[in-house]
Amino acid sequence: MSALASSTVLAYLPSPDRGVWHIGPIPIRAYALCIIAGIVVAIWWGEKRLVARGGPAGTVVDVAVWAVPFGLVGGRLYHVATDWRTYFGPGGVPINALKIWEGGLGIWGAIALGAVGAWIGCRRRGIPLPFFADAVAPGIVVAQAIGRLGNYFNQELYGAPTTLPWGLEIYERIDPTTGASDPLGGVAVDTANPIAIVQPTFLYELIWNLLVAAMIVWADRRFRLGHGRVFALYVAGYTLGRFFIELMRTDPATRVFGDIRINVVVSALVFVLAVLYVVLVRKPREVLPPEVVYPDGVPDDRAQDRAQDRAQDRAEDRDGARDPEVGSGRAGDRTP
Numbered sequence: 019m020s021a022l023a024s025s026t027v028l029a030y031l032p033s034p035d036r037g038v039w040h041i042g043p044i045p046i047r048a049y050a051l052c053i054i055a056g057i058v059v060a061i062w063w064g065e066k067r068l069v070a071r072g073g074p075a076g077t078v079v080d081v082a083v084w085a086v087p088f089g090l091v092g093g094r095l096y097h098v099a100t101d102w103r104t105y106f107g108p109g110g111v112p113i114n115a116l117k118i119w120e121g122g123l124g125i126w127g128a129i130a131l132g133a134v135g136a137w138i139g140c141r142r143r144g145i146p147l148p149f150f151a152d153a154v155a156p157g158i159v160v161a162q163a164i165g166r167l168g169n170y171f172n173q174e175l176y177g178a179p180t181t182l183p184w185g186l187e188i189y190e191r192i193d194p195t196t197g198a199s200d201p202l203g204g205v206a207v208d209t210a211n212p213i214a215i216v217q218p219t220f221l222y223e224l225i226w227n228l229l230v231a232a233m234i235v236w237a238d239r240r241f242r243l244g245h246g247r248v249f250a251l252y253v254a255g256y257t258l259g260r261f262f263i264e265l266m267r268t269d270p271a272t273r274v275f276g277d278i279r280i281n282v283v284v285s286a287l288v289f290v291l292a293v294l295y296v297v298l299v300r301k302p303r304e305v306l307p308p309e310v311v312y313p314d315g316v317p318d319d320r321a322q323d324r325a326q327d328r329a330q331d332r333a334e335d336r337d338g339a340r341d342p343e344v345g346s347g348r349a350g351d352r353t354p
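According to our numbering, the sequence shown is numbered sequentially starting from 19.
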């Protein structure tokens, strides 16, 4: 019996003993590293996808200069607005609202204000915002998955106590200098005796986000989506999972309509809007004109011909999607 109990305990997921390391006086925070890594992945993958869709190279990096700061500010504003009691309620410390490195970014604010920054950057490059959004959508949701690892290091965003073998161990962390409790910056001194075993909802969302990324990449390739439909599909997929995962969480949150977490309501509303957009918008994928793809001038006549050939190929692909004869070897002059 004791051996069985021991094997069950060994199956629990351990939390990191700390989320902050120090190089001299400089703190290195795992949460910040995960956010930065997610941004890098989103920019790298978004750039590859945008160029593959016929966009000019370097666009995603240029737009990110606007979108990333706007998104970080928007994410923090949303978090503070929906959890204002933590900072401005009884016992709250208002200055802590500025301490973004301690965690607390709301995805809805990040997307909303980040879109404003992206719109500014896209206007400067002459790129339609929906075209840009479709290119970066899979990278954004993967960045969210990477960001959830930061929650893992911070021991936050978890659910109710559980006996499931993948339950997450939560440790008491203390400041090694003062001995005071310090959940974010402290160190766990007794990892053999966790104070709780909880549902790892951060992990559920991480896995769900990766599945959403795979789904929208498949749908984009299969149906050649455009005009913001890839981005809307990402929003719909993410909010579907977030709705149910949010119901599992037990951390403090602003509640509305009695006792419903505010992000449950927001997820449901945004999901409906995203699905409506996917269903109602039926335009084919955009084809950018050569002067946008080559802002410094078309390199030569052959380059322009290649751009026109790509546009013709995309038009034929759209026709083939509507006509099953096209592309089957029974129509057109492109049969080998």
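Idealized CB from N, CA, C, for every residue including glycine.
Being a predicted model, the structure only gives us computed values, none of them experimental.
Residue environment, H40, which counts as buried when at least 16 other CB atoms sit within 10 Å: exposed
query: By DSSP, does D319 sit in helix, in strand, or in coil?
result: Unreliable placement is indicated for D319, whose pLDDT of 49 sits below 50; no coordinate value is reported for it.
query: For R36, which residues from the same chain have a beta carbon less than 6 Å from its beta carbon, with the 5 sequence-adjacent residues on both sides left out?
result: V205
query: When the Cα of Y176 is compared with those of S199, F220, I125 and P74, which residue comes out closest?
result: F220
- request: Go to I54, then tell me how far its alpha helix (DSSP H) extends in each direction, as first and last residue.
  value: A48 to A70
- prompt: Run through DSSP, which three-state label would V299 get?
  reply: coil
task: Compute the Euclidean distance between the alpha carbons of N114 and L51, then round it to the nearest angstrom.
output: 20 Å
Bridge partners - R36, DSSP secondary structure assignment: V205
query: Under three-state DSSP, which class holds I145?
result: coil
query: What are the boundary residues of the beta strand (DSSP E) that A214 is part of?
result: A214 to V216
message: Pairs of beta-carbons, one from the region 122-142 and one from the region 75-87, closer than 8 Å: are there three or more?
response: yes
query: Does the Cβ-Cβ distance between I213 and Y189 come in under 8 Å?
result: yes
task: With a floor of 4 residues, list each alpha helix (DSSP H) that falls wholly inside the region 68-118, ordered by position along the chain.
output: 77-100 and 102-106
query: P32: which of G255, L291, W184 and G109 sits nearest, CA to CA?
result: W184
- prompt: Does the distance from the C-beta atom of V282 to that of L258 stay below 8 Å?
  reply: no
field: H245 vs P148 beta-carbon contact at 8 Å
entry: yes
query: Between L123, V98, G124 and F262, which lies nearest to P112 when the distance is taken from Cα to Cα?
result: V98
task: Would you check if the region 166-175 and the region 49-63 touch, i.e. whether three or more CB-CB distances between them fall below 8 Å?
output: yes
- prompt: Comparing alpha-carbon positions, which option in Q162, E120 and L116 lies nearest L224?
  reply: Q162
task: Keeping to the same chain, check which residues put their C-beta closer than 8 Å to that of D101; ignore five residues upstream and five downstream.
output: G122, P270, A271 and T272
field: Alpha-carbon spacing of R320 relative to R247, whole angstroms
entry: The pLDDT assigned to R320 is 46, lower than 50, so where the model puts this residue is not dependable; a value taken from the coordinates is nonetheless given after this. Computed Cα separation, rounded: 32 Å.
message: Cutting at 7 Å between CB atoms, please list the residues of its own chain near V59, excluding the five before and the five after it.
response: G157, V160, A161 and I164
task: Go through its chain and collect everything with a Cβ distance to T104's Cβ below 7 Å, but skip five positions before and after it.
output: G110
- request: Taking 8 Å as the cut-off, decide whether the C-beta atoms of F261 and A286 are in contact.
  value: yes
message: Can you give me the C-alpha to C-alpha distance between T195 and K117, rounded to a whole angstrom?
response: 22 Å
message: What does the Cβ neighbour count give for L306, buried or exposed, with the cut at 16 atoms within 10 Å?
response: buried
- prompt: Looking at the C-beta of Y222, does it have a partner C-beta in chain C at a distance below 8 Å?
  reply: The structure shown contains no chain C; it holds only a single protein chain.
query: Is the beta carbon of A128 sitting closer than 8 Å to the one on G89?
result: yes
- prompt: Mind pulling the beta strand (DSSP E) runs of 3 or more residues that sit fully within the region 167-199?
  reply: 186-188
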